[in-house]
Amino acid sequence: MVLDLSDLSKSFAGGAVRVLDGVSLSLAAGEVVALTGESGSGKSTLLHMAAGLEPVDSGAIRFEGRDLVAMTEAERAALRRSAIGIVFQQFNLIPSLNVAANLRFQARLAGREIADFDGLVASLSLQDQLAKYPEDLSGGQQQRVAIGRALAAAPRLLLADEPTGNLDETTGDGVFELLLSLARARNAGLLIATHSERLAAAADRRVHLSHGRITG
Amino acid sequence: MNRAALAALLSHWRRRPFQLVTLILGLSLATALWSGVQAINAEARKSYGAAADVLGGGGLAELVRRDGGAISQADFVALRRAGWQVSPVIDGWIRGEAGRVRLLGVDPFTLPEGGSAGALAAGDMTGLLDGALFAHPSTAARLAEATAIDSLAPGIALADLDTAGTLLQTNGFTRLLISDTQPLTRPDLAEIAPDLRIETPETAEDLGRLTDSFHLNLTAFGLLSFAVGLFIVNGAVGLAFEQRRPVFRTLRALGLTAPRLVTFLVLELLLFALLAGILGILLGYLIAATLLPDVAATLRGLYGASVEGQLTLAPAWWLSGLAIACAGTALAAGGGLWRVARMTPLAPARPRAWAMASLNAFRWQLGAAAGCFLIAGAGWGIGGLLGGFTLLGGLLLAAALALPATLAAILSLAARSARAPLSEWFWADTRQQLPGLSLALMALLLALAANIGVGTMVSSFRATFTGWLDQRLVSELYVTLEDEADIPAFTAFMADKSEALLPIWEIEAEVLGAPAEIYGVADHPIYAENWPLLSAHPDTWARMARGEGLLINEQLARREALHPGDTLPLPGGFSMEINGIYSDYGNPIGQVVLPLDVLVARYDGIDRRDFGVLTGDRDLAALRTALIRDYGLPEENLIDQAALKSFSLSIFERTFAVTGALNILTLGVAGLAILTSLLTLAAMRLPQLAPLWALGLTRKDLARIELLRALILAALTFALALPLGLALAWVLLAVINVEAFGWRLPMFLFPGQWLWLFVLSLAAAALAALWPAWQMRRRPPADLIRVFTHER
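Read top to bottom, the protein sequences are chains A and B.
Add 18 to a position in the first sequence, counting from 1, and you land on the number used in our numbering.
Add 12 to a position in the second sequence, counting from 1, and you land on the number used in our numbering.
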């Protein structure tokens, strides 16, 4: 298993708001799992915990068998650099770097050379945008850069938090298909949070969250 | 609508109290330093006014001798008999317990009405005629027997003519005051006293004119600190406007017109300006009260001007403080308000676009810098004190305006040569942070340049002054006799106890219409070996030994454009050729050195009690003991060379204490500017730093990077401030000093001081960046995660 979450719980506001309540979930290499649920159901929190960004209250997270919860912050950071790609709803590109530098950033941070940079750029249809800065791009283009950045580092796990949430339907569909195809082509496990039932149907497996529990 | 809009706008400050504190603090400091300096200047000018008022408001015409000598009793009597309403005055200096005191001898029967002396003479004529001395309480404390009286200006003692004549050892009068009320007809002056001439009153007081350069200097420092403070305000207001762009956008979209929005923002700023103005005035009072004693000491040391050490504040000062706070706010916020007025209701918030627009603004600033540079050049061309300060101000402004563009160019270059992804991001990101930091860095540049410039000037002055003292103080021991009648006995006593006795005899007189000291110099080879001559005939000392020619100090030479070989007319109606010009640091007035025989032959009333003693290899301590125990001289009449040097250096250090204090204050304000900018930016930077954290950098890494960024920017700013500071030092030494004081100093370089300042600026930047970096290090992950889940 690439990712193994067991009995995860998380509360905010000193325990007053329980966001996740005993969630368990596994993800195999090359598998695409869609995480659906209402707003506030705990999808984003689950993804953030899986990435080692959000501390857990209780439960275990194992990445390729290694205990993520027991790791230090520096070890978790090193793992994110080299093995986990994250795609955010708000794109979260680095505004001071151009598209080419943004695409290469995480891979270079992990000390890797991108095997086929031109091929990646072509698959993202960003050939004419390489010298531009994030603010000069449309939302769809920015999200494609974010996907490219995450995949360029050849991650074994890809976490995508509502990657189409800020895009119109046509653009969103395009981005979703691109994400799926690139993840599968690279044999990366993909855990994707989405509101869209239609998009979720394209995943290998679907997990529904409601009030912090897996209900389906 | 109005109320709701105002509440929405003001809510920003409730959510960001630190930013409000920054704004108020910046404006308060700017106002405080400016008003503090103004208070000091006003107090000093008030003292000069009071001094000029002693003899009738400083507005009376006077009769003086054409040759600068004393006016005889006969001339005075002849004028009175001819109907001229004149009153004699003896004006000179006596030694008090802590420096010299100006003594005015007046005739209470003829003194014109008006002025504090006139009022005193009328009120206590008996006391005056009985030989009493009157002085301001602060001055009376420095004199052995003087009656304290509040109505006299500090630093002046008043006596009747007999007493003053005795104390100053003079028979004649220095000048005759011409009363405002004169008979309708009276004979011409040329018929009665052809040797006298009328000197019309100056509108500005003499001391005021003499000390203008010093006050201009203080004002320049005050202005610099004010400008540095305004950088903080500009930064805080600019960022507050930028952060509130979404609010402005929403308010505009909801129907608030641009003029109404700007009006609300102006009202908000006015409120802050008044609050900060009041705080600044209180702080300014504290600064002025702290610095005034040092300023008073400086003015006394440099110009012999007495300034009361206590501060009194006029309502006009309070009002001007508030006005300057409002004007400063308007200046600092003008650009931001203009952008708000022109903003379209749907303008999106684009941080990089803002940065790019600011980079474009840098290019405009570069153009303005070129303009300032041209103005500086024009200032140099104009010459004079005003030209010097124009050159100085132009250079400083040009450098400050050019700084952001220069830094942007350096950072671009660094980004291009970066290989690692993190360093590539670091340089690009630092460049993007420049707009938010540029004002603080400009403030730092100005503060560092002022420190380097003024530090180099003061240290050059100190090095020159110390060397000059070593040369000038040739005698090992300086002796003042109790009476001139003791000279033969003293000479006999010293015959086998010294290598030589060098008379230090002088008179005070007017040379070319200005007060001057005339000294006599004995024929001794030690002068040729030690006297610090700037330019001279090759056989200067041989000529002096033959009684031919004279020496003048640099001040007199520069003021009157005199050179060796020129002829100088002297009091007493004779002229002599100038043999050489010597440096005479710290002396505000002209000085002439004659061969001793010429001095003695030409002038009466010479003070002959002072001698320098060359001891050779004899024991100085034993000589002191012999002079006190065997000869019977009071100990206070002996000063050895080391004590004199240390006394002179202590006066020097005190003189520059104010400059040092203002220097440190300016650097402190600049440090605060960096701190406030970094803290304000820290909150805005989360959206840029959170993705890096998500991509695999730890919070500790990010904190380190932020600290490193502040250090690199401070180091780059220091590197640019160094040449600017040295240029500043050159302007101060070669242009302003010459215009203000009449002497030019050689410029020395002090790399040790630069290193210390470099370390200090790095420490200031590190200190300023430490808190934001610590905040980053301790920031909960939830704060960073929020960036990914909400539009910020």
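C-beta atoms are modelled at their ideal positions from N, C-alpha and C, and glycine is treated no differently.
This structure is a prediction, so every number in the text was calculated from the model and none was measured.
With contacts defined as CB atoms closer than 8 Å, E520/B and G561/B fail to qualify as a contacting pair. Its Cα nearest to that of I112/A, the residue A164/A stands out among A128/A, R99/A, A164/A, P181/A. Listed in chain order, the non-local C-beta contacts of S100/A below 6 Å within the same chain comprise A128, local neighbours out to five positions each way being set aside. Listed in chain order, the beta strand (DSSP E) runs fully inside the stretch 144-184 of chain B are 168-172, counting runs of at least 3 residues. Not a single C-beta of chain B is nearer than 8 Å to the C-beta of I232/A. The three-state secondary structure of E131/A, taken from DSSP, is coil. Listed along chain A are I112, S114, L115, A119, F123, each with a C-beta nearer than 8 Å to that of W437/B.
For L434/B, the chain A residues whose Cβ falls inside 8 Å of its Cβ are L127, in order along the chain. In the three-state scheme derived from DSSP, where H, G and I count as helix and E and B as strand, R756/B is classed as coil. Nearest to Q147/A by C-alpha distance, out of D222/A, D25/A, I79/A, Q159/A, is Q159/A. The beta carbon of E91/A falls within 8 Å of a beta carbon belonging to chain B, placing the residue at that interface.
Only exposed fits T138/B, as fewer than 16 other CB atoms lie within 10 angstroms of its CB.
Of the other Cβ atoms in all chains shown, fewer than 16 fall within 10 Å of the Cβ of A265/B; this residue is therefore exposed.
Contact between the stretch 508-528 of chain B and the stretch 602-609 of chain B is present, with at least three C-beta pairs closer than 8 Å. Taking a beta-carbon distance threshold of 8 Å, A706/B counts as an interface residue toward chain A.
Ranked by Cα distance from R154/B, the options A169/B, G143/B, A475/B are led by A169/B.
Residue environment: F30/A is assigned as exposed (fewer than 16 neighbouring CB atoms within 10 Å of its CB, all protein chains considered). I651/B: member of the beta strand (DSSP E) spanning 650-652, first to last residue. Residues of the same chain with a CB within less than 8 Å of the CB of N116/A, apart from the 5 flanking positions on each side, are L148, A149, K150, Y151 in chain order.
W480/B and P544/B have their C-alpha atoms some 7 Å from each other. S62, T63, H66, A69, L71, E72: these are the residues of the stretch 61-72 of chain A whose beta carbon lies less than 9 Å from some beta carbon of chain B, given in chain order. For the stretch 440-473 of chain B, the set of residues with a beta-carbon nearer than 8 Å to any beta-carbon of chain A comprises A440, D441, R443, Q444, in chain order.
Less than 8 Å separates the beta-carbon of G292/B from that of L39/B. The secondary-structure analysis by DSSP pairs T34/B with nothing; it has no beta-bridge partner.
I190/B: member of the beta strand (DSSP E) spanning 187-190, first to last residue.
Taking all protein chains in view, the Cβ of W783/B is surrounded by fewer than 16 other Cβ atoms within 10 Å, so the residue is classified as exposed. Looking only at E125/B, F253/B, G395/B, E74/B, the smallest Cα-Cα distance to A752/B is reached by G395/B. Within chain A, the residues whose beta carbon sits less than 9 Å from that of Q700/B are I112, P113, S114, listed in sequence order. The C-beta of P416/B has 16 or more other C-beta atoms within 10 Å across all chains shown, which makes the residue buried. Note on geometry: alpha-carbon atoms of L661/B and Y597/B lie some 12 Å from one another. For the pair T729/B and L457/B, the Cα-to-Cα distance works out to about 6 Å. For P576/B, no alpha helix (DSSP H) encloses it, and the DSSP letter there is neither H nor E.
At least one CB atom of chain A sits nearer than 8 Å to the CB of P703/B. For L719/B, no Cβ of chain A is located within less than 8 Å of the residue's own Cβ.
Here L725/B has L419, T442, L449, L453, A777 as same chain residues with Cβ atoms under 8 Å from its own Cβ, once five neighbours each way along the sequence are excluded. Residues of the same chain with a CB within less than 6 Å of the CB of G400/B, apart from the 5 flanking positions on each side, are V747, I748, E751 in chain order.
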